[in-house]
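Numbering (my numbering), first residue to last: 148 to 421.
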């Protein structure tokens, strides 16, 4: 988990999953900001309510549109879906609070026209085999489940006030971003390239490499030579550990393994496939 402020990394936290406790451990290190821009994960949302309850939230509009598109697909079959997808795309073109208010009105107009469609139900036996996601004991389901999910996602965010925080007049001096593109492209993508270009490191070595990259991109990193302490110049000698006597010859039974390659596993000779 990584936190940035402007162009600089201000902190990070290792974790197994993006759970609330891990996010809270990261957020607790900093004073509460006026606004935080995030992708809307459940773990982060819970930590924000606990650690920074007064901080306003700006949801990443790119992630919002991707979520809507996941429900509707790139090319919705229904006219209602195509109209809602156009509204979702328009989110990232809004520049003023007046345009944001007009967009919210357009979303309400969409519901006025297509709202009854969201309530339509299909009962078991009416339209052939039930969809794969329907439970065996379920006797009915919403006919337009995906369309319904896409609309209510946008409606919830409008009611929560997290779509247009970046356009609020009281935050004009902050120049808040409406997306997390800065951390996605400026940090996350660079870390993926780092691990890709230095394939073969052990897990601990990968973690140290990531931490060093993050440290060097903090606001005032000390020069590398100033981080060296006397004990680093003469590290203690490692005592070899005794293991079971190595067998001579090939193993009768063994399992195939691949080298640790960061986020990618190589195949073929030296990583090259035919």
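Cβ atoms here follow ideal geometry from the backbone N, Cα and C, with glycine treated the same way.
Presumed contact (8 Å Cβ cut-off) between residue i and residue j, rounded CB distance
| i | j | result |
| --- | --- | --- |
| residue 208 | residue 365 | About 27 Å; that fails the 8 Å criterion. |
| residue 195 | residue 169 | The Cβ separation is near 13 Å, so there is no contact. |
| residue 252 | residue 314 | Going by Cβ atoms, the distance from residue 252 to residue 314 rounds to 15 Å, so no, they are not a contact pair. |
| residue 180 | residue 202 | 6 Å |
Residue i burial status per 10 Å Cβ neighbour count (16 or more: buried)
| i | result |
| --- | --- |
| residue 298 | buried |
| residue 250 | buried |
| residue 406 | With a pLDDT of 48 at residue 406, under the threshold of 50, the modelled position of that residue is not reliable, and no figure is offered here. |
| residue 156 | buried |
| residue 422 | Any question about residue 422 goes unanswered here, given that the chain covers just 148 to 421. |
| residue 308 | exposed |
| residue 218 | buried |
| residue 349 | exposed |
| residue 235 | buried |
Helix, strand or coil at residue i according to DSSP, with G and I counted as helix
| i | result |
| --- | --- |
| residue 484 | Outside the displayed range of the chain (148 to 421) lies residue 484, so it cannot be described from this structure. |
| residue 324 | coil |
| residue 425 | No information on residue 425 is available, as it lies outside the stretch 148 to 421 that the chain covers here. |
| residue 204 | strand |
| residue 157 | strand |
| residue 269 | strand |
| residue 407 | Low per-residue confidence applies at residue 407: pLDDT is 47, beneath 50, and the placement is therefore not dependable enough to give any value. |
| residue 290 | coil |
| residue 215 | helix |
| residue 258 | helix |
Residue i versus the options, residue with shortest Cα-Cα distance
| i | options | result |
| --- | --- | --- |
| residue 191 | 221, 228, 156, 150 | 150 |
| residue 211 | 198, 201, 231 | 231 |
| residue 197 | 161, 293, 173 | 173 |
| residue 267 | 202, 165, 321, 291 | 291 |
| residue 259 | 161, 383, 369, 227 | 227 |
| residue 284 | 351, 171, 270 | 270 |
*Assess, as a yes-or-no matter, whether the segment 322–340 is touched by the segment 266–274 under the definition of 3 or more beta carbon pairs within less than 8 Å.*
With fewer than three CB-CB distances shorter than 8 Å, the segment 266–274 does not count as touching the segment 322–340.
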